[in-house]
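Please read the structure below before turning to the comments.
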Amino acid sequence: AYDPSSPYSASKAASDHLVRAYGRTYGLRARITNCSNNYGPLQFPEKLIPLMVLNCLDKKPLPVYGEGQNVRDWLYVTDHCEAIWQVIQRGRVGETYNIGGSSERTNLEVVRDVCRIVAEETDHPHSELEALIEFVPDRPGHDQRYAMDISKLKQECGWEPKESLESGLRKTVRWYLDNDEWVKQV
930 AYDPSSPYSA SKAASDHLVR AYGRTYGLRA RITNCSNNYG PLQFPEKLIP
980 LMVLNCLDKK PLPVYGEGQN VRDWLYVTDH CEAIWQVIQR GRVGETYNIG
1030 GSSERTNLEV VRDVCRIVAE ETDHPHSELE ALIEFVPDRP GHDQRYAMDI
1080 SKLKQECGWE PKESLESGLR KTVRWYLDND EWVKQV
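Residue numbers (our numbering): 930 to 1115.
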């Protein structure tokens, strides 16, 4: 059910309603997808996971909203692309499909995982990286939990995520370590 709590989430809900209305009015053969939080290589460094990786490397503070207890489901970017392709090929016109990574974690757990993986992939001591965690005021309208039921997508399109949060985070950290020039350009 739609229950947006911020202008950002209201704009996403409105776009779904607009697409459905076009389908009903003009016969647009659309399928709608809603996804959980994406992460992976080439993600803009302002987003949580790349920001944490890059701040760990630079020994800068790791800002975490509130007490870090907001829960998100994390979806590796190539899994998301594959899910969209499956919806295009096998999804039913006019239907909505949720795409998620089946990897719910608190933001604090994700930040601690990033610290651990960066420490394992570099010579940065894990305890020093975790000491960089800094709690900052939460955003207005910030939802406590985003969750996805992907059972419809599994049943109708035969899709499920291939990457676990651990394997996807490791690939992501490695990518940022190996692509310093890209980071400097953005």
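Positions of the beta carbon are idealized from the N, C-alpha and C atoms, including for glycine.
I'd like the list of long-range same chain contacts for I1062, defined as Cβ closer than 7 Å, with 5 residues on each side in sequence excluded.
Counting only Cβ-Cβ distances below 7 Å, and skipping sequence neighbours, we find L991, V993 and V1040.
What is the residue span of the beta strand (DSSP E) that L991 lies within?
Taken as a continuous stretch (DSSP letters only), the beta strand (DSSP E) holding L991 covers L991 to Y994.
Using the three-state DSSP reduction, which class does E1092 fall into: helix, strand or coil?
It is coil, neither helix nor strand.
Helix, strand or coil for N1027? Go by DSSP, reduced to three states.
N1027: strand per DSSP, three-state reduction.
Only counting runs of 3 or more residues, tell me where the beta strand (DSSP E) segments fall wholly within the stretch 1017–1090, in order along the chain.
Correct list: 1025–1028, 1033–1035 and 1062–1065.
Indicate the three-state DSSP secondary structure (helix, strand or coil) for R1103 in the structure shown.
Helix, per DSSP.
Count the other CB atoms, across all protein chains shown, that sit within 10 Å of the CB of S1032; report buried if there are 16 or more and exposed otherwise.
Flag for S1032 reads buried.
Where do the N-terminal and C-terminal ends of the beta strand (DSSP E) with L1004 fall, by residue?
It spans V1000 to Y1005 - the beta strand (DSSP E) in which L1004 sits, taken as one unbroken run.
So is G1070 buried or exposed if we call it buried at 16+ other beta carbons inside 10 Å?
Answer is exposed; the Cβ neighbour count stays below 16.
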